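Residue numbers (the working numbering): 113 to 576.
Take a look at the structure:
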């Protein structure tokens, strides 16, 4: 039934998100804490409905070209005539564009598994929409200086590019932003996206390995331009050549595996005469260790998962080059599905009689779908109590395994911070007042304070 003429308390908060922030723009602005833009109380009408008078205005300090999305949270508390209070909330996403173009693209893309990457077209409420999207793929020219700088950003450049290249031929102290890098367009087309579409074209398997940029362009339902760009590295595991201009890279052929399955640990370095230390750990047990020579090659190290590897496998690669230590630690989950139990209710009653004896039957099977010997803890309670306090059981017997600690150089290699050059300040000459001539009065004081006249009482003699 409808609750008419009851009081409703509401609060509207606004938060800011930047889903399309480009890394070459620098640090994204701090959205800050959610701020309250409206609050108040009102009553429901005869149909139990109410309207909240609020304008969903953008934050004045946020610029439109940064493509922000404003998250508005509306919290409502309703109290009926019996004094019972119910609360709910609603979230709305509002932006300058009504369309969002997103992907599940990763930094490293395997050409043999390109079909798993998808392009999504959604509105701000995360619902699928139809849109015509232009996708363009650019290959970024490889730079022979594949070492990055020791710092993230600078405020001024004091040494020319030619001098830096001569002094440090491998280090790129002033890398260009993605927009300013030299790129070659290798593929472009227009696709009709109905919520979801394969991201890569079919000829992606013939592309060269290296760094690429993806540019997505579309228009929303209001005619506003929507863009999204991402950078990724494409590699072919079947190739024996290293990824161009990539100093050190390592990845796995799978994130999860089962006993008996073979996993490929792929290592690539474009630096000549390099040696890489490989280690494979299962919990605290070292399964494999060896030094491998990687002379600008793509190396694949196979490993067959064992039954006692369940939990997590840790694959580590360590390389020391150019006075730096490079470490990569990747993990593969081996689930304990051999301990999985399946509980099936053979008899289920949706209506119960108070005071009646009920009999419940169930069957427990193991991972092989066979009857299992197990201990059971069962309980029953009034489900309406979940409105006050949720009742959940958490019972996990599986061990929590983590990745092996990666190698570290400790203080073998480190970057020193800048030093302050002390320069004493020059002696400052302060101005001195010029004395004016004065007349010597030899102690004569021409000024005096206020003068007071005193008057005393006179005592007269008495009479006989």
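Glycine is no exception: its CB is placed at the ideal position from the N, C-alpha and C atoms. No experiment lies behind these values; they were computed from the predicted model shown.
Item: Under the rule that 16 or more other beta-carbon atoms within 10 Å means buried, what is residue 184, buried or exposed?; Value: buried
Item: What first and last residue would you give for the beta strand (DSSP E) that runs through residue 323?; Value: 322-331
Item: What does a CB cutoff of less than 7 Å around residue 574 pick up in its chain, not counting 5 residues either side in sequence?; Value: Only weak support is given to the placement of residue 574: the predicted model assigns it a pLDDT of 45, under 50, and the value that follows is read from those uncertain coordinates. Contacts found: none.
Item: In angstroms, rounded to a whole number, what distance separates the CA positions of residue 308 and residue 219?; Value: 21 Å
Item: What does the Cβ neighbour count give for residue 491, buried or exposed, with the cut at 16 atoms within 10 Å?; Value: exposed
Item: Alpha carbon to alpha carbon, how far is residue 544 from residue 267?; Value: 42 Å
Item: Between which two residues does the beta strand (DSSP E) harbouring residue 279 extend?; Value: Taken as a continuous stretch (DSSP letters only), residue 279 belongs to no beta strand (DSSP E), being part of the alpha helix (DSSP H) at 273-279.
Item: Is DSSP giving residue 127 helix, strand or coil here?; Value: strand
Item: Mark residue 328 as exposed unless 16 or more other C-beta atoms lie within 10 angstroms of its C-beta, in which case mark it buried.; Value: buried
Item: What residue range is occupied by the uninterrupted beta strand (DSSP E) comprising residue 296?; Value: 295-306
Item: Indicate whether residue 215 and residue 315 have their beta-carbon atoms separated by less than 9 Å.; Value: no
Item: Below 8 Å on the Cβ atoms is my guess for residue 364 versus residue 430; work out the distance and round it to an integer in Å.; Value: Actually they do not touch by this definition, with Cβ atoms about 16 Å apart.
Item: Go ahead and pull the three-state DSSP assignment for residue 145.; Value: coil
Item: Measuring alpha carbon to alpha carbon, tell me which residue in 118, 331 and 156 is nearest residue 208.; Value: 331
Item: Taking only the alpha-carbon atoms, compute the straight-line gap between residue 483 and residue 122 and give it to the nearest angstrom.; Value: 54 Å
Item: What did DSSP end up calling residue 428 once you bin it into helix, strand or coil?; Value: strand
Item: So residue 344 is in the beta strand (DSSP E); what residue range does that whole segment cover?; Value: 337-347
Item: Taking residue 443 as part of the beta strand (DSSP E), name the residues at either end of that continuous run.; Value: 436-446
Item: Tell me whether residue 516 is buried or exposed, calling it buried when 16 or more other Cβ atoms sit within 10 Å of its Cβ.; Value: buried
Item: So, at 8 Å on beta carbons, what are the nonlocal neighbours of residue 374 in its own chain, with the 5 sequence-adjacent residues on each side left out?; Value: 414, 415, 416 and 417
Item: Taking DSSP as the reference, what is the three-state secondary structure of residue 352?; Value: coil
Item: How big is the Cα-Cα spacing for residue 229 and residue 222?; Value: 10 Å
Item: Pick from 477, 383, 271 and 154: whose alpha carbon is nearest that of residue 487?; Value: 477
Item: So, with DSSP's three-state summary, where would you put residue 420?; Value: helix
Item: Enumerate in chain order the residues of its own chain whose CB-to-CB distance from residue 457 is below 6 Å, with the five nearest sequence positions on each side excluded.; Value: 474
Item: Find the nearest neighbour of residue 117 within the set 148, 160, 494 and 273, judged by alpha-carbon distance.; Value: 160
Item: Taking the alpha-carbon positions, what's the residue 232 to residue 485 distance?; Value: 46 Å
Item: Bridge partners for residue 467 per DSSP, in chain order?; Value: DSSP output for residue 467 lists no bridge partner at all.
Item: What does a CB cutoff of less than 7 Å around residue 272 pick up in its chain, not counting 5 residues either side in sequence?; Value: none
Item: Report yes if the CB atom of residue 428 is closer than 9 Å to the CB atom of residue 440, and no otherwise.; Value: yes
Item: In chain order, what residues of the same chain lie with their CB nearer than 6 Å to the CB of residue 293, ignoring the 5 residues before and after it?; Value: 252
Item: List the residues that DSSP assigns as beta-bridge partners of residue 202.; Value: 186
Item: In terms of residue numbering, what span does the beta strand (DSSP E) encompassing residue 542 cover?; Value: Where residue 542 is concerned, there is no enclosing beta strand (DSSP E), given that its DSSP letter is neither H nor E.
Item: Just to confirm the assignment, what range does the beta strand (DSSP E) spanning residue 214 have?; Value: 212-215
Item: Roughly how many angstroms separate the alpha carbons of residue 360 and residue 494, rounded to a whole number?; Value: 58 Å
Item: Where does residue 309 fall in DSSP's three states?; Value: strand
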